Every structure is written in C-alpha cells, then in structure tokens.
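**Q**
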Amino acid sequence: MKYHPWLTHLFVGLFFWLALSSFHKFYLSVSEIRYSSADKTIQVTSRIFMDDLEQLMEDRYGITADWLTPKQHPGAQGLLEKYLSQRFVVKRDGKILPLKLLGLKEQNDVFVLFIEFSVDNWEQTKQLSVQNRVLMDLFEEQQNVVHLYLNGKKSSTVLDRDRPETVQEF
11 MKYHPWLTHL
21 FVGLFFWLAL
31 SSFHKFYLSV
41 SEIRYSSADK
51 TIQVTSRIFM
61 DDLEQLMEDR
71 YGITADWLTP
81 KQHPGAQGLL
91 EKYLSQRFVV
101 KRDGKILPLK
111 LLGLKEQNDV
121 FVLFIEFSVD
131 NWEQTKQLSV
141 QNRVLMDLFE
151 EQQNVVHLYL
161 NGKKSSTVLD
171 RDRPETVQEF
C-alpha cells in the first residue's frame, strides 16, 4: 500500500476537529407541559443544566445558590421563582397566568424544576401561549425545547432568541 501524506494530515486534522468540537458547550433546556384536570393546573417539568443555573444565580443575583445542600442560599428559590416568572410566561387566551415554583431536584448533571400554573375552566380555553426565554439573557445560543401535551395531542417546538414563543389553538 502506498503512503499518502495528505491522508495522514486529513486524519490528524479530523481527529483534532472532533476533539475540539466536543469541548464546545451547548445550551439547552427541555420542558414538558401538561394540564391536570384533577388539580386544575398546568404542570411543567423543566430540565436545565446545573452549571447553567448556578451561573445564572451568580451573574444575575450575585449569589452562590448551592442548590440542595445544607449551604443553600436562603433566598435562592425565591429569586429563581422571580426569574422564571419573567422568563417563562404562560398565557391563557392572552392573560398571563401566575407561576408557582414547587421545587427542584438533581438528576445527573441536570436540575429538574417543578412549576405549575393554576387554571379554572380549562374547557373554555381557546388559546395557550408559552414563552420560554429562560437563560436566553445569559447565553446567546440558548435553545429551549417545549413539549406540549394538551387535549390528547402532543406538539414540540424549539424556542430561541428569534422565536421565544409557541402558541397552541384549541
């Protein structure tokens, strides 16, 4: 077999490109949204990388949250709820629903956030809009995937700075 120096350069270049590209961080959250008729609430489970949430608390509020440890900052959950109320907005027929952060848990390198919005007379809902701009103020490349499971139908949308909102008509 004949030796081709360009082939060696190609493989070495490809190796370094793959190695370096694996260090490029991606910014992503995933939220599942469902309506619970028993509780009359829209229930949200949102998954956000732990280091991104820690950086948010440090950059925006100047605190080290130390989530789920004995050293957790006493105001961390309240500040997170305030932030989410501004950046994760659910509207029913054009009216903003109040957000309630129920809590969070750690799962591998991700925080799972439990959020709910109270809704009366769900059957009368004509439109639901979800605006998820969480972490978009911190990371330009942030993308937020939203899975809606409503009225027996599933829809999924990738939200970003150019398109931070999805609307579901009923």
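According to the numbering used here, the residues represented by the sequence shown are 11 to 180, in order.
Glycine included, each C-beta is placed from N, C-alpha and C at the ideal position.
It should be emphasised that the depicted structure is a prediction, and the values quoted were computed from it without experimental measurement.
Please report the distance separating the alpha-carbon of N142 from that of F149.
**A** Position 132 of the sequence shown, counted from the start, is the residue given in the question as residue 142. Position 139 of the sequence shown, counted from the start, is the residue given in the question as residue 149. Rounded to the nearest angstrom, the two C-alpha atoms are 14 Å apart.
**Q** Ignoring anything shorter than 4 residues, give me the alpha helix (DSSP H) runs that lie fully in the region 31-113, in order along the chain.
**A** 60-71, 86-97
**Q** Rounded to whole angstroms, what's the CA-CA distance from T74 to H157? Just pull it up for me.
**A** Taking the first residue of the sequence shown as 1, we reach residue 74 at position 64. Taking the first residue of the sequence shown as 1, we reach residue 157 at position 147. Straight-line Cα distance between these residues: approximately 30 Å.
**Q** Along the beta strand (DSSP E) that carries L148, what are the first and last residues, could you check?
**A** By 1-based counting over the sequence shown, the position of residue 148 is 138. Unbroken run through L148: none, as it is neither H nor E.
**Q** Identify whether Q137 lies in helix, strand or coil by the three-state DSSP scheme.
**A** Numbered from its first residue, the sequence shown carries residue 137 at position 127. Strand at Q137.
**Q** When you compare only the Cα positions, how much space is there between Q117 and S165?
**A** Taking the first residue of the sequence shown as position 1, residue 117 is located at position 107. Taking the first residue of the sequence shown as position 1, residue 165 is located at position 155. Taking the straight line from one Cα to the other gives about 25 Å.
**Q** State yes or no: is the C-beta of E126 within less than 7 Å of the C-beta of K110?
**A** The count along the sequence shown starts at 1 and reaches residue 126 at position 116. The count along the sequence shown starts at 1 and reaches residue 110 at position 100. Yes; because the gap between Cβ atoms is below 7 Å, this pair is in contact.
**Q** Label Q96 either buried or exposed according to how many other C-beta atoms from any shown protein chain fall within 10 Å of its C-beta, with 16 as the threshold for buried.
**A** Reading the sequence shown from its first residue, position 86 is the one you call residue 96. Exposed.
**Q** Based on DSSP bridge pairs, tell me the residues matched to D154.
**A** The residue you call residue 154 lines up with position 144 of the sequence shown. Contrary to the premise, residue 154 reads as Asn rather than Asp in this sequence. DSSP output for N154 lists S39, L169 as bridge partner(s).
**Q** For I58, count neighbouring C-beta atoms within 10 Å of its own C-beta (all shown protein chains included) and say buried if the count is 16 or more, exposed if not.
**A** If you number the sequence shown from 1, residue 58 lands on position 48. Classification of I58: buried, given that the 10 Å Cβ count is 16 or more.
**Q** Rounded to whole angstroms, what is the Cα-Cα separation between H34 and T176?
**A** As a position in the sequence shown, residue 34 is number 24, starting the count at 1. As a position in the sequence shown, residue 176 is number 166, starting the count at 1. With a pLDDT of 48 at H34, under the threshold of 50, the modelled position of this residue cannot be trusted; read the value that follows with caution. Roughly 28 Å between the two C-alpha positions.
**Q** Anyone know if the C-beta pair for L63 and F121 falls short of 7 Å?
**A** Taking the first residue of the sequence shown as 1, we reach residue 63 at position 53. Taking the first residue of the sequence shown as 1, we reach residue 121 at position 111. Yes, the pair counts as a contact, with Cβ atoms nearer than the cut-off.
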